[in-house]
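*Asks:*
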Amino acid sequence: MISVIELSILTLNIWGIPLISKDRNLRVAAIGMEIAKGDYDVVSLQEVWSNDDFEYIRRVAQKTLPFSHYFHSGVIGSGLCILSKYPITMTLFHSWSVNGYVHRIQHGDWFGGKGVGLCQIMVQKQLVNIYIAHLHAEYDRNSDDYKAHRIIQSFDTAQFIESTRGDSILQVLAGDLNTEPGDLAHRLLLYTSKLTETCDNNIPTCDNPTNSYTPQSTKESLSNGKRIDYILYRSGRNCKTDVLEYKLPLSHPIPDHPISFSDHEAVSSRIRVTIPENVLELKQNLTSTIENGLIDALTEAIVVCEENLEKLRSHKTVYFSMALAVMMTLFYLIDMVPPYGLQTLFTVLRVIVSGLVLFFIAMATLWNSIEVNGILSGKLAMEISLKNAADSETL
Numbered sequence: 001m002i003s004v005i006e007l008s009i010l011t012l013n014i015w016g017i018p019l020i021s022k023d024r025n026l027r028v029a030a031i032g033m034e035i036a037k038g039d040y041d042v043v044s045l046q047e048v049w050s051n052d053d054f055e056y057i058r059r060v061a062q063k064t065l066p067f068s069h070y071f072h073s074g075v076i077g078s079g080l081c082i083l084s085k086y087p088i089t090m091t092l093f094h095s096w097s098v099n100g101y102v103h104r105i106q107h108g109d110w111f112g113g114k115g116v117g118l119c120q121i122m123v124q125k126q127l128v129n130i131y132i133a134h135l136h137a138e139y140d141r142n143s144d145d146y147k148a149h150r151i152i153q154s155f156d157t158a159q160f161i162e163s164t165r166g167d168s169i170l171q172v173l174a175g176d177l178n179t180e181p182g183d184l185a186h187r188l189l190l191y192t193s194k195l196t197e198t199c200d201n202n203i204p205t206c207d208n209p210t211n212s213y214t215p216q217s218t219k220e221s222l223s224n225g226k227r228i229d230y231i232l233y234r235s236g237r238n239c240k241t242d243v244l245e246y247k248l249p250l251s252h253p254i255p256d257h258p259i260s261f262s263d264h265e266a267v268s269s270r271i272r273v274t275i276p277e278n279v280l281e282l283k284q285n286l287t288s289t290i291e292n293g294l295i296d297a298l299t300e301a302i303v304v305c306e307e308n309l310e311k312l313r314s315h316k317t318v319y320f321s322m323a324l325a326v327m328m329t330l331f332y333l334i335d336m337v338p339p340y341g342l343q344t345l346f347t348v349l350r351v352i353v354s355g356l357v358l359f360f361i362a363m364a365t366l367w368n369s370i371e372v373n374g375i376l377s378g379k380l381a382m383e384i385s386l387k388n389a390a391d392s393e394t395l
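One point on numbering: in full-length UniProt numbering, the residue at position 91 of the sequence shown is 91, and numbering is uninterrupted.
Structure (structure tokens):
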């Protein structure tokens, strides 16, 4: 006897930053109305940075997607939530060991406390694992200060997915991965987790020329945008999975307004799982192509981590040196008698310089240690995976 299950899945980075994202209230309302139509069994949303926005979407879509979960983390929340037609039987959140820099407030990734979330849902008495993630943004492709962070996050996510597979008939990762097809983080994620693309083309999901929020300068540069939003899947043991449909369902403007739903395009896939009963468990053999790809990706990733660790050692020296220099300035200001009428100004200056000393010391000690430990942890885990992959290749 054979059982067949079909799931329609949507993922969207809603660009929901309070006071910053353009037309946020209008777009959130439109997004809520769209997913409330009942076209999807599972909806994965990223950058839901306002709890009010989550509550609104959850409430509006409750009839068609009665089950939901928001992954609370960090200072302002992870921004990640999942809505489901089917009961959510278990949730789990794994915070990444490195996640940007606390002092780069303009980027804000650190404050989100990002990680990978899991909602296990029950579909016709079968377990399906739905994962959601939003990797660190790539702010400058030519000089990417966060490349090592994104690689660690990618590998960490893949290991989390691999270790929580269990008896699920299907694993799906739906989210904004901030990495393009072929990038190291992308290859590392796919090879380590054994996930497969639902998309066989390169349709841009960010900086799409048809999106109303794509800057005019980007459109004029003849850029076709980039694909960084994904729905990836892996079949359960003994199961056969087919992708029936892949599309960008919200590429049109929101009703009655000449604006897009977000600065990202929504991605949807319809997946069919065929579950044979009373069959022998099939051996899960990696092809030589996948094995070689994993070894190459791990080797390259380890090199990036080692280079980043070397930079961190250099940064530690620089911060200590700056702390010493500013401390000497502080001692000079403390001993100096301020000119007449400048007592208040000198007091404020001493406070500012004292704050700088504390900042540089914190960056050289606490923050440096946190980042070193996070990257070192990921690097050591990659080395173990590399050894296992190399050993299996020689067998």
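Heads up, the beta-carbon is just placed ideally off N, CA and C, and yes, glycines get one too.
Here's the rule I'm using: 16 or more other beta-carbon atoms within 10 Å means buried, otherwise exposed. How should Ser-369 be labelled?
*Replies:* The count along the sequence shown starts at 1 and reaches residue 369 at position 369. Its Cβ having fewer than 16 others within 10 Å, Ser-369 is exposed.
*Asks:* Along the chain, where does the alpha helix (DSSP H) that runs through Arg-58 open and close?
*Replies:* For the purposes of this step, residue 58 is taken as the residue at position 58 of the sequence shown. 51–60 is the span of the alpha helix (DSSP H), which, as asked, contains Arg-58.
*Asks:* When we look at the beta-carbon of Asn-51 and count the other beta-carbons within 10 Å, is it buried (16 or more) or exposed?
*Replies:* Taking the first residue of the sequence shown as position 1, residue 51 is located at position 51. Its Cβ having fewer than 16 others within 10 Å, Asn-51 is exposed.
*Asks:* Report all residues from its chain with a CB closer than 7 angstroms to the CB of Leu-65; omit the five preceding and five following residues, and keep chain order.
*Replies:* For this step, residue 65 is matched to residue 65 along the sequence shown. Closer than 7 angstroms at the Cβ level, and outside the excluded window around Leu-65, lie Ile-35, Val-43, Leu-83, Ser-84, Lys-85.
*Asks:* Could you give the distance in angstroms between the alpha-carbon of Thr-157 and the alpha-carbon of Ala-133?
*Replies:* For the purposes of this step, residue 157 is identified with residue 157 of the sequence shown, where counting begins at 1. For the purposes of this step, residue 133 is identified with residue 133 of the sequence shown, where counting begins at 1. Cα to Cα, Thr-157 sits roughly 8 angstroms from Ala-133.
*Asks:* DSSP beta-bridge partners for Glu-245?
*Replies:* For this step, residue 245 is matched to residue 245 along the sequence shown. In DSSP, Glu-245 forms a bridge with Arg-270.
*Asks:* In the DSSP assignment, find the unbroken alpha helix (DSSP H) run with Val-351 in it and report its ends.
*Replies:* In the sequence shown, the residue the question calls residue 351 occupies position 351. Start and end: 343–362.
*Asks:* Going by DSSP, which residues form a beta bridge with Leu-45?
*Replies:* Your numbering for residue 45 matches position 45 in the sequence shown. According to DSSP, which records beta bridges pairwise, Leu-45 is partnered with Leu-12, Cys-81.
*Asks:* Closest to Thr-11 by CA distance: which of Phe-359, Pro-249, Met-336, Leu-358 is it?
*Replies:* As a position in the sequence shown, residue 11 is number 11, starting the count at 1. The shortest Cα separation from Thr-11 among Phe-359, Pro-249, Met-336, Leu-358 belongs to Pro-249.
*Asks:* Write down the C-beta distance between Leu-135 and Arg-150 rounded to the nearest angstrom, noting that I regard them as a contact closer than 8 angstroms.
*Replies:* The count along the sequence shown starts at 1 and reaches residue 135 at position 135. The count along the sequence shown starts at 1 and reaches residue 150 at position 150. Right, the Cβ-Cβ distance comes to about 5 angstroms (below 8 angstroms), so this counts as a contact.
*Asks:* Give me, in chain order, the residues of the same chain whose beta-carbon lies closer than 8 angstroms to that of Val-304; leave out the 5 immediate sequence neighbours on both sides.
*Replies:* Taking the first residue of the sequence shown as 1, we reach residue 304 at position 304. Once the five neighbours on either side are set aside, the close Cβ partners of Val-304 are Lys-147, Ala-148, Ile-151, Leu-184.
*Asks:* Would Phe-160 and Val-116 be called neighbours here (beta carbons separated by less than 8 angstroms)?
*Replies:* Working through the sequence shown from its first residue, we reach residue 160 at position 160. Working through the sequence shown from its first residue, we reach residue 116 at position 116. Against a cut-off of 8 angstroms, the Cβ pair of Val-116 and Phe-160 comes out as a contact.
*Asks:* Is the CB-CB distance between Cys-119 and Thr-91 below 8 angstroms?
*Replies:* Residue mapping note: residue 119 aligns to position 119 of the sequence shown, counting from 1. Residue mapping note: residue 91 aligns to position 91 of the sequence shown, counting from 1. Yes, Cβ-Cβ distance for Cys-119 and Thr-91 is below 8 angstroms.
*Asks:* Tell me which residues share the same chain as Trp-49 and place their Cβ nearer than 7 angstroms to its Cβ, disregarding the 5 neighbours each side in the sequence.
*Replies:* Stepping through the sequence shown from its first residue, residue 49 is reached at position 49. So the list reads Gly-16, Ile-17, Pro-18, Ile-76, Gly-77, Gly-79, once near-sequence residues are dropped.
*Asks:* Span of the alpha helix (DSSP H) holding His-186?
*Replies:* Here residue 186 corresponds to residue number 186 of the sequence shown, with the count starting at 1. From DSSP, the alpha helix (DSSP H) with His-186 extends over 184–193.
*Asks:* Can you tell which of Gly-175, Glu-371, Ala-390, Lys-387 has the C-alpha that lies nearest to the C-alpha of Trp-96?
*Replies:* Position 96 of the sequence shown, counted from the first residue, corresponds to residue 96. The shortest C-alpha separation from Trp-96 is found at Glu-371.
*Asks:* Find out if the Cβ-Cβ distance for the pair Ile-121, Ile-88 is shorter than 8 angstroms.
*Replies:* Along the sequence shown, one-based indexing puts residue 121 at 121. Along the sequence shown, one-based indexing puts residue 88 at 88. Against a cut-off of 8 angstroms, the Cβ pair of Ile-88 and Ile-121 comes out as a contact.
*Asks:* How would you call Asn-285, buried or exposed, if buried means at least 16 neighbouring beta carbons within 10 angstroms?
*Replies:* Sequence index remark: in the sequence shown, residue 285 carries index 285 (1-based). For Asn-285, the predicted model reports a pLDDT of 44, less than 50, meaning its position is unreliable and no value from the coordinates is stated.
*Asks:* Name the one or two DSSP bridge partners that Thr-196 has.
*Replies:* In the sequence shown, the residue the question calls residue 196 occupies position 196. DSSP lists Tyr-233 as partners of Thr-196.
*Asks:* Reducing DSSP to helix, strand and coil, say where Ser-262 ends up.
*Replies:* Start at 1 with the first residue of the sequence shown, and residue 262 comes out as number 262. In the structure shown, Ser-262 sits in coil (DSSP, three-state: anything other than H, G, I, E or B).
*Asks:* Please report whether the beta-carbon of Ile-302 lies at a distance below 8 angstroms from any beta-carbon of chain D.
*Replies:* Protein chain content of the structure displayed is limited to a single chain, and chain D is not contained in it.
*Asks:* Indicate the three-state DSSP secondary structure (helix, strand or coil) for Asp-207 in the structure shown.
*Replies:* Here residue 207 is taken as the residue at index 207 of the sequence shown, counted from 1. Coil, per DSSP.
*Asks:* Provide the residue(s) that pair with Val-4 in DSSP beta bridges, ordered along the chain.
*Replies:* Here the question's residue 4 lines up with position 4 in the sequence shown. Looking at the DSSP assignment, Val-4 forms a beta bridge with Thr-274.
*Asks:* Give the single residue among Trp-367, Asn-308, Ile-295 whose Cα lies nearest to the Cα of Ile-384.
*Replies:* On the sequence shown, position 384 is the one that residue 384 refers to. Comparing Cα positions, the closest option is Ile-295.
*Asks:* Measure how close the beta-carbons of Tyr-230 and Leu-177 come, nearest whole angstrom, since I'm counting them as under 8 angstroms.
*Replies:* Indexing the sequence shown from 1 puts residue 230 at position 230. Indexing the sequence shown from 1 puts residue 177 at position 177. The pair is a contact, with the Cβ atoms about 6 angstroms apart (cut-off 8 angstroms).
*Asks:* So Asp-156 is in the alpha helix (DSSP H); what residue range does that whole segment cover?
*Replies:* The sequence position of residue 156 within the sequence shown is 156, counting from 1. Note, Asp-156: alpha helix (DSSP H), 147–163.
*Asks:* When DSSP builds the beta bridges, which residues end up paired with Gly-115?
*Replies:* Counting from one through the sequence shown, the residue named residue 115 turns up at place 115. Per DSSP, Ser-95.
*Asks:* Can you list, in chain order, the residues of its chain whose CB lies under 7 angstroms from that of Lys-316, leaving out five sequence neighbours each side?
*Replies:* Sequence index remark: in the sequence shown, residue 316 carries index 316 (1-based). Taken in chain order, the residues that qualify are Ala-364, Asn-368.
*Asks:* In this structure, does DSSP put Ile-254 in helix, strand or coil?
*Replies:* Locating residue 254 in the sequence shown gives position 254, counting from the first residue. In this structure, Ile-254 counts as coil in the three-state DSSP scheme.
*Asks:* Please return the same chain residues whose Cβ sits closer than 6 angstroms to the Cβ of Leu-244, not counting the five positions on each side in sequence.
*Replies:* Working through the sequence shown from its first residue, we reach residue 244 at position 244. Counting only Cβ-Cβ distances below 6 angstroms, and skipping sequence neighbours, we find Arg-270, Arg-272.
*Asks:* What is the residue span of the alpha helix (DSSP H) that Asn-25 lies within?
*Replies:* Mapped onto the sequence shown, residue 25 falls at position 25. Looking at the DSSP string, the run of the alpha helix (DSSP H) that includes Asn-25 is 24–35.
*Asks:* On the DSSP bridge list, what partners appear for Ser-68?
*Replies:* Here residue 68 corresponds to residue number 68 of the sequence shown, with the count starting at 1. BP columns for Ser-68 point to Leu-83.
*Asks:* Count the other CB atoms within 10 Å of the CB of Ser-235; is the residue buried (16 or more) or exposed (fewer)?
*Replies:* Numbered from its first residue, the sequence shown carries residue 235 at position 235. Burial call: buried.
*Asks:* Roughly how many whole angstroms lie between the Cα atoms of Gln-46 and Ser-262?
*Replies:* Position 46 of the sequence shown, counting from 1, holds the residue named residue 46. Position 262 of the sequence shown, counting from 1, holds the residue named residue 262. Rounded to whole angstroms, Gln-46 to Ser-262 spans 11 angstroms at the Cα level.
*Asks:* Specify the secondary structure class of Asn-178 as computed by DSSP and reduced to three states.
*Replies:* Counting from 1 along the sequence shown, the entry for residue 178 is found at position 178. Note: Asn-178 maps to coil in three-state DSSP.
*Asks:* Let's see if you can read the secondary structure: which residues bound the alpha helix (DSSP H) around Gln-216?
*Replies:* Here the question's residue 216 lines up with position 216 in the sequence shown. Segment 216–220, the alpha helix (DSSP H) holding Gln-216.
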